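Residue numbers (the working numbering): 48 to 383.
We put the beta carbon where it would ideally sit given N, CA and C, even for glycine.
In this text the structure is predicted, and so the values were computed from the model without any measurement.
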Amino acid sequence: MAILITGGAGYIGSHAVLELLRGGFDVVVVDNLSNSHEAAIHRVAELAGKPVPFHKVDIRDRDALDRVFGTTPIEAVMHFAGLKAVGESVGQPLRYYDNNIFGTIVLLEVMKKHGVRTLVFSSSATVYGDPASVPITEDFPLSAVNPYGRSKLFIEDMLRDLCRAEPEWQIALLRYFNPSGADPSGRIGEDPNGIPNNLVPYIAQVAVGRLPELAVYGSDYPTRDGTGVRDYIHVVDLVLGHIKALEKLATRPGLVTYNLGTGRGYSVLEMVEAFGRAAGRPIKHRLAPRRPGDAAECWSDASRAERELGWRATRGLDEMCRDVWRWQSNNPKGYA
Ligand code: NAD
Ligand code: UFG
C-alpha cells in the first residue's frame, strides 16, 4: 500500500517523498507541475536509490485522479498540492479558490470512492489571521486576511465538517509556520518562480548574486530589533512531523490539529546575520517601509505536537541556513 503525495514535485512535497522513501514507505506522486519541475522527482529518486512513481495529473481532473487510485493501492494521502502566493491570491481569487478548494473537494470525493479515508493536510499559520499575541496555540481564534488564507481556512472547515458527518475519516490538519531549509545533500530545495516573495529564498538569491539586495520590510515593529519575527522551521523537521501525524492517525479515527513550528522566533535582521555566516559573505540589505498585511510577530507554541506526536523540530537556524546555502550555491538557477 502506498502513500499518495499530491504536489510531490514541489518544495515541501519533494522533501516529504524523500523522507517517506527513507522511512521505508511506498509512495505515488501526482503533480501538475504548475509550480515545480519534474527534475525534483528524478533527484529524489536518485537520493533515495528507488524509483518514484509519478503521474503528471491535476487534482481537479477527476478521471485522471480516479485512474491513479484505480491502478495503485493507496492507504493514505498527504495533500500538498495548492497555490500559495498571498499577493497573487489577492489579484486572482477565483483561480485560488478553484485550484485549492475545488481541487481538494475532487480529491476527497475520489478518496471516498476508493475507500481511502486517511489524509494529512498542509494548512498554514495564516489561518490565525493577525494573532492577538504570541506564542500561538492551536486554540487561537481563526480568521483569514486574504484569498489564499481563506482557501486554507475553508478547507479546514470543510474537513472538520466531513469528520463530523463521517467519523471514520482520519484527518490531520498541520499548520506550518515558516518552512525553510533543504535536504542536506543540496540536490533538492526551494525554487520559487520569478522574484521570491518569502524572506529566506530572497536572501539566498542575494547571497548567490541573482538579486542585488534585500529590502527589510519594516524596522519599527515592537520587536527586539524593530524587524518582523517569524518561526522558521527546517523542512526536514516539518516533513518528519507529517510522518508522525500519519502514525498517530493510524491509532485513532477523527480529526487532529497541530502547529508545526519550532516554538521560537527570529527577526529579519537575525536571519540576515545567520545566512551571512552560512554563506561566508555579508547579505546586502536596506531598511524599507512595512509590507502591508504583515504581523509584527508570528511564532508557535508547538507543545501539542511534542506531547501527542512525540515530535519536535531539532534542526537549528545555522543548520537551516547552511542547507539552504548548499542548495542555492550548487543550483544558482534552481532546477532550470
Ligand atoms: P510548492 O508550490 O513548491 O508545491 C506545491 C505543488 O503543488 C507544486 O509542485 C505544484 O505544481 C502543485 N500543484 C498546485 N496545484 C496543483 C493541482 N491543481 N494539481 C496538481 N498539482 C498541483 O509549495 P510548497 O511550499 O511545497 O507548499 C506545499 C503546501 O504547503 C501548499 O499547500 C502550501 O499552501 C502549504 N504551505 C506552504 C508554506 C510555505 O511557506 N512554503 C507555508 C504554509 C503552508
Ligand atoms: N521580509 C522582508 N523582505 C522580503 C521578504 C520578507 O523583510 O523581501 C520579511 C517580512 O516582512 C516578514 C518576514 O520577512 O517579517 C517573513 O516574511 P515571509 O514572506 O518569508 O513569510 P510570512 O511570515 O510573511 O508568510 C509566510 C507565507 C504565508 C504563510 C505564513 C505562515 O508566505 O503564506 O508564512 O505559514 F501563511
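Query raised in the report: What's the gap between the Cα of residue 98 and the Cα of residue 161?
Result: Residue 161 has its alpha-carbon roughly 25 Å from the corresponding atom of residue 98.
Requested in this report: Look at the alpha carbon of residue 283 and the alpha carbon of residue 230, and state the distance between them as a whole number of angstroms.
Outcome: Distance from the CA of residue 283 to the CA of residue 230, rounded to the nearest whole angstrom, comes to 7 Å.
Query - Sub-8 Å separation of residue 147 and residue 105 beta-carbons - result: Going by C-beta atoms, residue 147 is not nearer than 8 Å to residue 105.
Query raised in the report: According to the neighbour-count rule (16 or more other Cβ atoms, all chains shown, within 10 Å of its Cβ), is residue 340 buried or exposed?
Result: With fewer than 16 other Cβ atoms inside 10 Å of its own Cβ, residue 340 counts as exposed.
**Report entry** Nearest-angstrom Cα separation, counted from residue 264 out to residue 285
**Finding:** Rounded to the nearest angstrom, the two C-alpha atoms are 26 Å apart.
Query raised in the report: With distances taken from each beta carbon to the nearest heavy atom of the ligand UFG, which residues come in below 7 Å, in chain order?
Result: With 7 Å as the limit, the residues whose C-beta approaches a heavy atom of the ligand UFG more closely than that are 131, 133, 171, 172, 173, 195, 196, 223, 224, 225, 244, 245, 246, 247, 249, 261, 262, 263, 264, 265, 274, 275, 277, 315, 338, 341, 345, in chain order.
Query raised in the report: residue 122 to residue 173, Cα distance in whole Å?
Result: Rounded to the nearest angstrom, the two C-alpha atoms are 29 Å apart.
Query - Contact between the stretch 321–335 and the stretch 368–378 (3+ Cβ pairs under 8 Å) - result: Verdict: yes, contact present.
Query raised in the report: Are the CB atoms of residue 331 and residue 260 nearer to each other than 8 Å?
Result: Residue 260 is positioned such that its CB atom lies closer than 8 Å to that of residue 331.
Report task. With DSSP collapsed to three states, give me the class of residue 226. Result -> Strand, per DSSP.
Query raised in the report: Straight-line CA distance for residue 171 to residue 126?
Result: Here the C-alpha atom of residue 171 lies approximately 13 Å from the C-alpha atom of residue 126.
Report task. On a CA-only basis, which of 256, 360, 198, 280 is nearest residue 377? Give me that one, please. Result -> Looking at the Cα atoms, 256 is the closest of the given residues.
Query - Exposure label - residue 226; buried when at least 16 CB within 10 Å - result: Classification of residue 226: buried, given that the 10 Å Cβ count is 16 or more.
Report task. Tell me whether residue 58 counts as near the ligand NAD, meaning its Cβ is closer than 7 Å to at least one heavy atom of that ligand. Result -> At least one heavy atom of the ligand NAD is found less than 7 Å from the C-beta of residue 58.
Query raised in the report: First and last residue of the beta strand (DSSP E) that includes residue 306?
Result: Residue 306: member of the beta strand (DSSP E) spanning 301–307, first to last residue.
Requested in this report: Out of 271, 303, 289, state which residue places its alpha-carbon closest to the alpha-carbon of residue 317.
Outcome: Of 271, 303, 289, the smallest CA-CA separation from residue 317 is found for 271.
Report task. Confirm the yes/no value for this check: CB of residue 306, any heavy atom of the ligand NAD, distance under 7 Å. Result -> Residue 306 Cβ: outside cutoff for every heavy atom of the ligand NAD.
Report task. Can you give me the start and stop residues for the beta strand (DSSP E) that residue 322 sits inside? Result -> Careful: residue 322 lies outside any beta strand (DSSP E), inside the alpha helix (DSSP H) at 315–326.
**Report entry** Cβ-Cβ distance between residue 309 and residue 349 below 8 Å
**Finding:** Cβ atoms of residue 309 and residue 349: closer than 8 Å.
**Report entry** Distance CB(residue 346)-CB(residue 182) smaller than 8 Å
**Finding:** In this structure, residue 346 places its C-beta atom within 8 Å of the C-beta atom of residue 182.
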